[in-house]
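Chains as they are written, first to last, in this note's numbering: chain A, 187 to 676; chain B, 391 to 1029; chain C, 0 to 102; chain D, 450 to 921; chain E, 23 to 194.
Where a beta carbon is used, it is the ideal one built from N, C-alpha and C, also for glycine.
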């Protein structure tokens, strides 16, 4: 089992999904617990992976390679390095927590958990695939369950949101497919292997075009301004656990693509695009922040804040410095835990009040003390309070950018102020002020819900206080990547 | 043994963790956890303070983060300045926490309050001990957080909720400046360690004076936010919405002074690139003068004190800007004591009367003797009456200003000192003396509140002595180290200062006790001036109208833009597709017509005749196909 | 051969064009069917002419023509069968009245 | 090879023909008409078993019937498609009249399709296309007292006959230019004889009218939606797959045997037509309300994608045509099987009928969803593999515009496929009455479903099969 | 003299055939149109005779003029609405059809005329008659020899077509 740890991790959920398919609809309890147990088991596997991973090595570890479609040069290649490992772990963690968070789903459970597990497989596969073809397949596999999960269990405008998400991402990923094909056919010998492709020096013009093709695919997923408009709709309409995964994992797939494909394989293209990355990042940070401030809907506000926060990832990526890349990768992880937590919290509130209107709440701090404590904790983490994880990664991103694009860093700081503004404004409207009598009977957060949040809080605090432990996993791989980007033969 | 210093902030932190999770079960007893923790910190810090007094410097650090070549060390370094702050924070902090037990008695979130206070102590202590600017920044934000939490402690009050947000965001603007300054410093000098901010270390970077001056100013920008300097001072008066012990601890004695501490910390940087000094001094002086002016007419007891705090902080900043390092830090220390005392006294009054409006008070001295007496001591101290602490430190500042060679600073600060004496005693007379203007069931506060008052009163009275000529300017030598300046007593300045202080007090006595009808008339005569002061120079209105409104307007405009334009574009392509589909469909429906138009070769009348042709008509299909084939033929044969 | 190949080709092309014209404009389905016969005949003319001149094997074109005629007959049969069946249901043989299926 | 020796290699075709004639006779005696259709399936099965892989290409019947890996591939495809169609017809409601004749016609159709795949000269191409067309007209009009069915048949007939007339005209000129009807000989003659290239290109175009009609390539696609809508659903399923696949086979054979030297000419107009076809198909499909019509436009669009491979015509492109055809055939047949089950229940083909299908019949909804996803080209389903190949060919052949247009089209296409998916899953059902799945349909459904999943997950054997078929 | 007369005769026949063909597509009365078709077919048969393809000419007359026309006229009789003579027999797309076909004739005709057919057969003469006339015997041998497969296929097509036609057209 240990020899194929990654395959296990990827396909355990799929196997579970197929098994669920054969159980009658009525055994909801069984299905629910089975899915949760599977996610927990998978998380356990993830912990083994973490323990067995050697952080000092820059190479791919746990490599699995098998011929799959030899006629077109496709291999089944899995592996993790310091870049993908945190993402895999994040995915496992959030999948597990969101699965527990899914207990609130009360209709069509069988279908829900089937799709949920399928989604898990897709997400995990995306992060461990090292073959572009395989990568694309996992990437697309994520879309379909997501469509249903939003479309069936979502809010009032679920259909619109679901199809918008689907088409938008599909359009982007088709361009990515073209990019993948171009990489394949212009390599010799033809290969889909990302590591092999990384060794090929493509011509500059070629890199620029292919970079743009990949950029479209990734930018829509991240989403980078101005490709972000699917995000608020999808987030708002999706059920809570799905919002968590959407924000926590799916958005990371886009930026992960930059780390895994665009940067190492197309360094010239990346360098060419570097200033524009910066511009888009800063625009996204400020724009997302401002728009977030204007929102009346709790979820929409957090959704736009994601645009702003993912902007920092992009900013770190645009920096092409050690700090920037580390910051970007760390920000991906942190945004996953923080925003994931925030969505869970919105869900807690929504389950009780059936409203997300920020202006309609008020004074909940009196009734829901534990809840408000946790909400404040996550908000503070999100606004980059030092001592919590958000600060470390934003700091590193800014540190990285500051060396290269001084003014971008300065402008991005507006985003930090904005984050404080919209989050505190939210807290003020929801928790503070006189208690709205309409909500005077809301029960406080329950144990199950707390249980889903505590692990996230631990990570937020741990990374915030002593980020070294997680950066140790990332740094060697990123050093290698940076060397590649700067044209130093590695 | 040195590593024991880590425990100093750790105890309050543990207390916080304990109280936040289990505090509710312990009810009123939970306060003792906080008190115990801060007492422990106090005890632990004693050897370090003593050591520092003897000229020792304690340093320890560990690697927090290493990214490539960038290395960030965390740890502590205790020198004279930190030791002084350590002393102030632990002593004043402990006293205020003890006082709070009485003040917060019966509050439903009693334990929460002490949890927050403990967190604040922990953050403030780590701020003081921090060895690097980054760690300082982290603690800096954390004290900001505590300030936020404590201002909004009674969050049911919308004004408190709003004030806490305002405080956090306003200071954050300053924090960003600090952050950028930090980055600039880091990338220019490669270090963030505070110990390195001295002239020897900076010497190689002399060529980059512009960048580093900017860095110094940006760091000062942090202080502007935190220490409520003009133009970011607006949050502090609103912060008075918090419980009074909070105002005393955070918004008078310690946190707001952190800005001054920061400037003092980077004094080496600022003086090495002295272009930054003038702006600092100017800001400080403007703040001092402006705040004192506003304080003249405020009627809320805490607001008067708040503006007084702003004014005094302005004094300190001005002192530092005028190279009065010893003076500024000295005033920082004395101010911590007497301003904490003033706030606690005010708290006691509020506790006793239930109001904050001084116009409703009067004649409280009979009923609240302890409070009155301690308050009076503090007022005398702040008014600069010798030999109380405020006199010595303020005098030092005035001397710095006098010797700076720029008399305007001296004049303004002297006028400010007069105004200080005046508004303080206006407050004292209106509150404690004269006739009661409203009936209250006033009672003196319990011992747990009055004992800290007395202890602080002793402090306020005596803490100035180390800086007095009687103790041979011990403090200045201590804080400025061996290379401290010679301190000659400037009797002229001293005399003027005492005279002005006395003038202010007497004026207050005349106006508010002897001729209580006069102030109103004066107010009517100098109406614009009165209004300017009373309305706080319209800063809030100005910011509301410009910055805040602009901010939100931009925000909602962008949101509309997002919804309308960007999303609209996306949807429009979708709709466009549908439309295209309709068109295509329509072409299929009116095939000939569409095709004819498409070909564009046939006459108009014919087209209108063809319009009548029905749909689903196979010969339409055929002719389309045929024309299509013909077009292909043309296309292929045109070569 | 009595007349030049080109003339025959022109004849067949014209015949083809006339046939297509009939297909495109005749309202009556039977009319369209007989127009299709014109098209097929034009093809046959070509085939026979070429088999006399250009074909590698003279039989080839003629055999092809025979098959074309045969299949034209089958096509006509099937076509007329369908026309009859449709006429029974809809009582019409005009193309512009046969438009249940559209868009 | 002469006629008598050829017969030993002609066993599957003889079995098919024999079964067909037997069915016509048996129709007189057997009262259970469904049995006849089943017998037809069995006949096809027998033929399938007797098919042998031709290790070396053979020219049977004096060269009028070629037996090569390419024709082998299409033989299997034709038989498979007809078998599944017959299975689908078994459960069609209302029961089809004249089952014996119906079944027999389909067996003749199988024979015709095999002929199409095995033709190597203009005469046989014409005959086989005409054969398949005539049978198609008849099958489309097979429903009694159904004006739509008859109307569709008539439109199909008029359009088809005219197109084959035009094609024949082209063939006759080509015959004149080269003096031969044999594709190989034509190629040789074109190389040696001083022919005018313009006229050759014109004849290619004229022939493409007839062939484009078969594969519903724009602008010769106009008949398709009407015919597909009006025909009995099993016949529609067949028409969207069978003649289209074999049409591609013939185009591939003609272009690659006779006109390979002119590739620069035809690949340009084919790529233009490819873009036109997929765009028209996809864009019009969006506004459809009838599922058959929607799938009709979708099948036009799919033809557009397949045309990419043909237009580029590099190795991967040609492979792509075949791979895509397998994937498309399995998927589209599967989708129509679902349509048959649903229309059996509701008696109409409106897309609205699919509302809440997932509650009434989860399995069916699941299947249809997978088929639609496969059509949309979502991995890991067969449709994606096909799409991968054609996209890859476009990129490799540097047809970047084509690739981008195809990518955009795929995104548009997903929209209308998901319109159906949305109704099935996102819209609640009015009644919960479950649909019945007749066994033969269920069987066919399982076959196609397994096909698209296996091909999506493990495409190697399929690709291997295709690359073997291309040893021309 | 005789060749010229024959030539003139052939050209006349061709011309008349075209006129008859025009009649087929233009005449309002479908019955007249069918009769015109007979004329065209006979004209073409004459052309075949001139090209010495006697068998084809005979087949043309027998099969077309005989069988197909019988069928057509039969169908006209069955489906024709009596008294509908006033209904226009052409639809409204005659002008675009006309233009399109004119373009087609110019294009294809031009190409056909531009091609030097004589070079293709290598005789150099303007009137090419390189192949000997095919007699019926040769045709018969070919149909049952080399062309036996298509011949058989056509027979299958005929059967299938007829069966299908009966099923489709049958009244029940």
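- Neighbours of residue 665(B) in chain A, taken as residues at a C-beta separation under 9 Å, are lacking, since the least C-beta distance is about 20 Å.
- If you draw a straight line from the Cα of residue 557(A) to the Cα of residue 579(A), it comes to about 26 Å.
- The straight-line gap separating the alpha-carbon atoms of residue 77(C) and residue 685(D) is approximately 19 Å.
- Closest in C-alpha terms to residue 550(D), from the list 753(D), 768(D), 476(D), 676(D), comes 476(D).
- As DSSP reads the structure, residue 263(A) sits in a beta bridge with 251(A).
- Only 22, 28, 31, 35, 38, 39, 41, 42, 45, 46, 49 from the stretch 22–50 of chain C bring a Cβ to less than 7 Å from some Cβ of chain D.
- Contact between residue 820(D) and residue 902(D) fails: their C-beta atoms lie close to 11 Å from each other, not under 8 Å.
- Secondary structure at residue 596(B): helix, using DSSP grouped into helix, strand and coil.
- In the structure shown, residue 739(D) adopts extended strand secondary structure according to DSSP, grouped into three states.
- By the CB criterion at 8 Å, residue 236(A) and residue 202(A) fall outside the cutoff.
- DSSP places residue 460(B) in the uninterrupted beta strand (DSSP E) bounded by 460–468.
- When Cβ-Cβ separations below 8 Å define contact, residue 1006(B) makes contact with chain C.
- Taking each of 880(B), 651(B), 770(B) in turn and checking the Cα distance to residue 781(B), the smallest one comes out for 770(B).
- Per DSSP, residue 679(B) lies in no beta strand (DSSP E); the unbroken alpha helix (DSSP H) holding it starts and ends at 667–685.
- By the Cβ-count criterion, residue 831(B) is exposed, with fewer than 16 other Cβ atoms from all chains shown falling within 10 Å of its own Cβ.
- When 8 Å is used as the limit between beta carbons, residue 5(C) is near these residues of chain E: 134, 135, 139, in chain order.
- Only exposed fits residue 212(A), as fewer than 16 other CB atoms lie within 10 angstroms of its CB.
- Contact fails between the stretch 878–892 of chain B and the stretch 457–465 of chain B, because fewer than three Cβ pairs, one in each stretch, are under 8 Å apart.
- For residue 88(C), no chain E residue has a Cβ inside 7 Å of its Cβ, as the nearest lies near 11 Å away.
- For residue 288(A), the closest alpha carbon among the candidates 217(A), 377(A), 384(A), 550(A) is that of 217(A).
- Looking at the backbone, the Cα of residue 570(D) and that of residue 454(A) are separated by about 53 Å.
- Remark: C-beta atoms of residue 16(C) and residue 127(E) approach each other more closely than 8 Å.
- Inter-segment contact for the stretch 53–61 of chain C and the stretch 465–474 of chain D is absent: fewer than three beta-carbon pairs are separated by less than 8 Å.
- Using a Cβ distance threshold of 8 Å, residue 557(B) and residue 643(B) do not count as a contacting pair.
- DSSP places residue 448(B) inside the beta strand (DSSP E), whose first and last residues are 448–457.
- For residue 694(B), the closest of 743(B), 749(B), 908(B), 648(B) by C-alpha to C-alpha distance is 749(B).
- Contiguous alpha helix (DSSP H) elements confined to the stretch 806–832 of chain D occur at 806–809, 811–825, taking only those with 4 or more residues.
- Relative to the Cα of residue 265(A), the nearest Cα in the group 274(A), 272(A), 250(A) belongs to 250(A).
- Within chain B, no C-beta atom comes less than 8 Å from the C-beta of residue 51(E); the nearest is roughly 20 Å away.
- For residue 577(B), the enclosing alpha helix (DSSP H) starts and ends at 548–579.
- When C-alpha distances from residue 737(B) are compared across 610(B), 720(B), 486(B), 425(B), the shortest belongs to 486(B).
- Per DSSP, reduced to three states, the secondary structure at residue 205(A) is helical.
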